[in-house]
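Visitor: Input: one structure, supplied below.
Chains as they are written, first to last, in my numbering: chain B, 2 to 311; chain P, 2 to 311.
Set out below in structure tokens:
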């Protein structure tokens, strides 16, 4: 039996899986990360314990967490978790639950899950991007999770581009939900063009997405600009990895063609050869928010068996 | 015995290697690619035959050629070889020399050589960039050449960036030898600032490099700007691959710190964590112009044996 924990900046999910990785019990709750780390960790452990049947012990625990992790079980630089730099989350969970904890970046684990049972099944190489508050990613190459020299690989949100304002931005500052909010606020401040966003107290990514879906011209222009930046990111990934599939997940992808059409147009325009543009190169996640949780269960089983699909 | 052929846009090199990949005979000549492909191929085959001892036959032939190649033996989109799109070079060499030809991109083969016996020895992942007329690259991951879905991976020269003029450029249009010439000509046309380049009939990358080395301010500014773009490329590669080493080769790297200092400064400034900045992350090729040739011999031997280090 495997326990999987997906610790998220907003919401955390836990699952109790049998030996064949069938989900037996699942629970989720707000992470309440506005509280100090010790209180957040205690709540996470209680949530995990709530799905472990009385008298049962997990063989192994898979832990999904934000930020690059370098196989250390420390959380580093998760933009969604300010104040969480180098917190030894895995060690505390292992001590509380009495089983080895195998930890990995949430996007890496979602990539593993998409490769095994999701939209990226058997694609090689398969890249996964999650676009929500920030932008994360993972890759499966030759059937194995690719994590680089120190477990830090596939941080597409941190590819840097010079923007028209002369400053250098990370991709996640140009194409995430956070970016949608910032870009919209900048456009609203720049002139008096009409927009439903002008009436709102909070112009964030969700508000921009809803306005764009409703046909607001300013919001649509912002989403299209972000989609173009996303496309530049996909062009870089495609010329570097020649992937068979890039699976896109995360809340921002729910914008659909408003975001994806300019992204795909950038690929068509900027790839040096159609041979890079694999059939179904860009795909939408089929696992959604449960990808990291399922990936964590797969990872715990594979690591614990010493099996290869890491 | 293995025959290695490095077909270059300017110069071609051939080598006859024993079973342990010791070089026995070597020859090189200008490729004269201003002539039509059939004449160029006939000259290349004669050059190759010149190093094969009388009565000897190669077990296998390794062929290095420019441009992404998709394992097909066709040359595609080599910027240094206009008019060579989809020329079946490998098939013609195989027919003429009576041995199987294993072909790969020149930068991929140089990467393999740097990994086995050059500046990138045993680094994992190891990336290689060659910066000359254009920018090519290769990667060795887990000891194997990484080539992606259709053999097209690691084309760092085709990562795209928006430039201050509002247009989108490939990295090789911003940081190659060709780019040095273009950027210098643009600066010379923009104002009357003094420069030794103003007296020259041809302002190309080599002239800019020589002027920069001689202390010319305009040339130095051009090289520094290209070094900054190179740095943005290295930042993308580092956040995506988390490499243990990036080996830089090609004629433009002879500019040394004039180019590399701004590139390294971009890494220091823009990497999200010092953990990405491996000790000796950026290294200079030790194999120089013979890297693709040696890589071609290694590749021919490995492919012919069905061994794994591809």
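Glycine is no exception: its CB is placed at the ideal position from the N, C-alpha and C atoms.
In this text the structure is predicted, and so the values were computed from the model without any measurement.
Hey, how far is the Cα of residue 205 of chain B from the Cα of residue 34 of chain B?
Guide: If you number the first chain from 1, residue 205 of chain B lands on position 204. If you number the first chain from 1, residue 34 of chain B lands on position 33. Cα-Cα distance, rounded: 19 Å.
Visitor: For residue 157 of chain B versus residue 142 of chain B, is the C-beta distance shorter than 7 Å?
Guide: Along the first chain, read from residue 1 onward, the residue named residue 157 of chain B stands at position 156. Along the first chain, read from residue 1 onward, the residue named residue 142 of chain B stands at position 141. No, the pair does not count as a contact, with Cβ atoms beyond the cut-off.
Visitor: Rounded to whole angstroms, what's the CA-CA distance from residue 153 of chain P to residue 155 of chain B? Just pull it up for me.
Guide: Within the second chain, residue 153 of chain P is the residue found at index 152, counting from 1. Within the first chain, residue 155 of chain B is the residue found at index 154, counting from 1. If you take the alpha carbons of residue 153 of chain P and residue 155 of chain B, they lie about 18 Å apart.
Visitor: Out of P/108, P/222, P/298 and P/114, which has the shortest C-alpha to C-alpha gap to residue 6 of chain P?
Guide: Taking the second chain and counting its residues from 1, the one referred to as residue 6 of chain P is at position 5. Nearest C-alpha to residue 6 of chain P: P/298.
Visitor: With a 10 Å radius around its C-beta and 16 neighbouring C-beta atoms as the bar for buried, classify residue 160 of chain B as buried or exposed.
Guide: Position 159 of the first chain holds residue 160 of chain B. Residue 160 of chain B is buried by the Cβ-count criterion.
Visitor: Using the beta-carbon of each residue, which ones in chain B are nearer than 7 Å to residue 277 of chain P?
Guide: In the second chain, counting from the first residue as 1, residue 277 of chain P sits at position 276. In chain order: 153.
Visitor: If the cut is a Cβ gap below 8 Å, which residues of chain B does residue 280 of chain P touch?
Guide: Looking up residue 280 of chain P in the second chain gives position 279. Residues of chain B passing the Cβ test: none, with the nearest at roughly 11 Å.
Visitor: Exposed or buried, what is residue 217 of chain B when buried is set at 16 or more other beta-carbons lying within 10 Å of its beta-carbon?
Guide: Translated into the one-based positions of the first chain, residue 217 of chain B becomes position 216. Buried, because 16 or more other Cβ atoms sit within 10 Å of the Cβ of residue 217 of chain B.
Visitor: Is it buried or exposed for residue 25 of chain B, if we count other Cβ within 10 angstroms and need 16 for buried?
Guide: Along the first chain, read from residue 1 onward, the residue named residue 25 of chain B stands at position 24. That one is exposed.
Visitor: Excluding sequence positions up to five away, which residues of its chain have a Cβ less than 7 Å from the Cβ of residue 251 of chain P?
Guide: On the second chain, residue 251 of chain P is found 250 positions in, with the first residue counted as 1. Excluding positions up to five away in sequence, the list reads 131, 132 and 133.
Visitor: In three-state DSSP terms, what is residue 17 of chain P?
Guide: In the second chain, counting from the first residue as 1, residue 17 of chain P sits at position 16. Here residue 17 of chain P sits in strand by DSSP.
Visitor: According to DSSP, is residue 311 of chain P part of a helix, a strand, or is it coil?
Guide: Residue 311 of chain P sits at position 310 when you count from the first residue of the second chain. Since pLDDT at residue 311 of chain P reaches only 47, below the 50 mark, its modelled position is unreliable, and no value is offered.
Visitor: Three or more C-beta pairs closer than 8 Å, one from the stretch 115-130 of chain B and one from the stretch 238-248 of chain B: is that the case here?
Guide: Verdict: yes, contact present.
Visitor: Which residues share a DSSP beta bridge with residue 38 of chain B?
Guide: In the first chain, counting from the first residue as 1, residue 38 of chain B sits at position 37. None; residue 38 of chain B has no bridge partner.
Visitor: With 16 other CB atoms within 10 Å as the buried threshold, where does residue 270 of chain P fall?
Guide: As a working mapping, residue 270 of chain P is identified with position 269 in the second chain. Exposed, by the Cβ-count rule.
Visitor: I need the straight-line Cα distance from residue 19 of chain P to residue 40 of chain P, nearest angstrom please.
Guide: In the second chain, residue 19 of chain P corresponds to position 18, counting from 1. In the second chain, residue 40 of chain P corresponds to position 39, counting from 1. C-alpha separation (whole angstroms): 29 Å.
Visitor: If you follow the beta strand (DSSP E) that residue 273 of chain B is in, where does it begin and where does it stop?
Guide: Locating residue 273 of chain B in the first chain gives position 272, where the first residue counts as 1. Run containing residue 273 of chain B: none; DSSP gives neither H nor E here.
Visitor: I'd like to know if residue 150 of chain B contacts chain P, where contact means its C-beta is closer than 7 Å to some C-beta of that chain.
Guide: Here the question's residue 150 of chain B lines up with position 149 in the first chain. Yes, residue 150 of chain B counts as interfacial toward chain P.
Visitor: Please tell me whether, using a cut-off of 6 Å, the distance from the CB of residue 274 of chain P to the nearest non-hydrogen atom of the ligand COA is below it.
Guide: By its list of ligands, the structure shown contains no ligand whatsoever, and the ligand COA lies outside what it can speak to.
Visitor: Between which two residues does the beta strand (DSSP E) carrying residue 105 of chain P extend?
Guide: Taking the first residue of the second chain as position 1, residue 105 of chain P is located at position 104. First-last of the beta strand (DSSP E) with residue 105 of chain P: 102-106.
Visitor: How long is the line joining the alpha carbons of residue 46 of chain P and residue 100 of chain P, rounded to whole angstroms?
Guide: Stepping through the second chain from its first residue, residue 46 of chain P is reached at position 45. Stepping through the second chain from its first residue, residue 100 of chain P is reached at position 99. Each residue's Cα considered, the two are about 13 Å apart.
Visitor: Buried or exposed: where does residue 165 of chain P fall if 16 or more other Cβ atoms within 10 Å of its Cβ makes it buried?
Guide: Numbered from 1 along the second chain, position 164 holds the residue referred to as residue 165 of chain P. With fewer than 16 Cβ atoms within 10 Å of its Cβ, residue 165 of chain P is classed as exposed.
Visitor: What separation, rounded to the nearest whole angstrom, lies between the Cα atoms of residue 60 of chain P and residue 50 of chain P?
Guide: As a working note, residue 60 of chain P is residue 59 in the second chain. As a working note, residue 50 of chain P is residue 49 in the second chain. Near 14 Å, if we compare the C-alpha coordinates of residue 50 of chain P and residue 60 of chain P.
Visitor: Look at residue 111 of chain P and residue 234 of chain P and say whether their C-beta atoms are less than 7 Å apart.
Guide: On the second chain, residue 111 of chain P is found 110 positions in, with the first residue counted as 1. On the second chain, residue 234 of chain P is found 233 positions in, with the first residue counted as 1. It is not a contact, given that the beta carbons lie outside the stated cut-off.
Visitor: Checking 7 Å against the spacing of the C-beta atoms, do residue 146 of chain P and residue 113 of chain P come in under that value?
Guide: Sequence index remark: in the second chain, residue 146 of chain P carries index 145 (1-based). Sequence index remark: in the second chain, residue 113 of chain P carries index 112 (1-based). Contact: yes.
Visitor: By alpha-carbon positions, which one of B/118, B/106, B/200 and B/193 ends up nearest to residue 148 of chain B?
Guide: Position 147 of the first chain, counted from the start, is the residue given in the question as residue 148 of chain B. Taking only the C-alpha atoms, the option nearest residue 148 of chain B is B/106.
Visitor: Counting only Cβ pairs nearer than 7 Å, list the residues of chain B close to residue 271 of chain P.
Guide: Residue 271 of chain P sits at position 270 when you count from the first residue of the second chain. Going along chain B in sequence order, the residues near residue 271 of chain P (Cβ under 7 Å) are 161 and 169.
Visitor: Within 10 Å of its beta-carbon, does residue 31 of chain P have 16 or more other beta-carbons around it, so buried, or fewer, so exposed?
Guide: What you label residue 31 of chain P is simply residue 30 of the second chain in a count that begins at 1. Under this definition residue 31 of chain P is an exposed residue.
Visitor: Residue 1 of chain B to residue 56 of chain B, Cα distance in whole Å?
Guide: It is not possible to answer for residue 1 of chain B, since the shown part of chain B is limited to 2 through 311.
Visitor: Consider the Cβ of residue 117 of chain P: report whether some Cβ of chain B lies at a distance smaller than 7 Å.
Guide: In the second chain, residue 117 of chain P corresponds to position 116, counting from 1. Taking Cβ atoms only, chain B never reaches closer than 7 Å to residue 117 of chain P, which makes this a no.
Visitor: Taking the Cβ atom as the reference point for each residue, do residue 224 of chain B and residue 259 of chain B lie within a distance shorter than 7 Å?
Guide: Walking along the first chain from the start, residue 224 of chain B turns up at place 223. Walking along the first chain from the start, residue 259 of chain B turns up at place 258. Cβ atoms of residue 224 of chain B and residue 259 of chain B: closer than 7 Å.
Visitor: Among B/220, B/2, B/257 and B/14, which residue has its Cα nearest to the Cα of residue 290 of chain B?
Guide: Taking the first residue of the first chain as 1, we reach residue 290 of chain B at position 289. Of B/220, B/2, B/257 and B/14, the residue nearest in Cα terms is B/14.
Visitor: Tell me the DSSP secondary structure of residue 250 of chain P in three-state form.
Guide: The residue you call residue 250 of chain P lines up with position 249 of the second chain. Residue 250 of chain P falls in the strand class under three-state DSSP.
Visitor: I'd like the list of long-range same chain contacts for residue 282 of chain P, defined as Cβ closer than 8 Å, with 5 residues on each side in sequence excluded.
Guide: For the purposes of this step, residue 282 of chain P is identified with residue 281 of the second chain, where counting begins at 1. Only 239, 244, 245, 246, 247 and 268 meet the Cβ criterion.
Visitor: Could you please give the first and the last residue of the uninterrupted beta strand (DSSP E) stretch that includes residue 163 of chain B?
Guide: Counting from 1 along the first chain, the entry for residue 163 of chain B is found at position 162. 161-163 is the extent of the beta strand (DSSP E) around residue 163 of chain B.
Visitor: Assuming residue 115 of chain P contacts residue 288 of chain P under a Cβ cut-off of 8 Å, what Cβ separation, rounded to an integer in Å, is found between them?
Guide: Position 114 of the second chain holds residue 115 of chain P. Position 287 of the second chain holds residue 288 of chain P. The Cβ separation is near 6 Å, so the contact holds.
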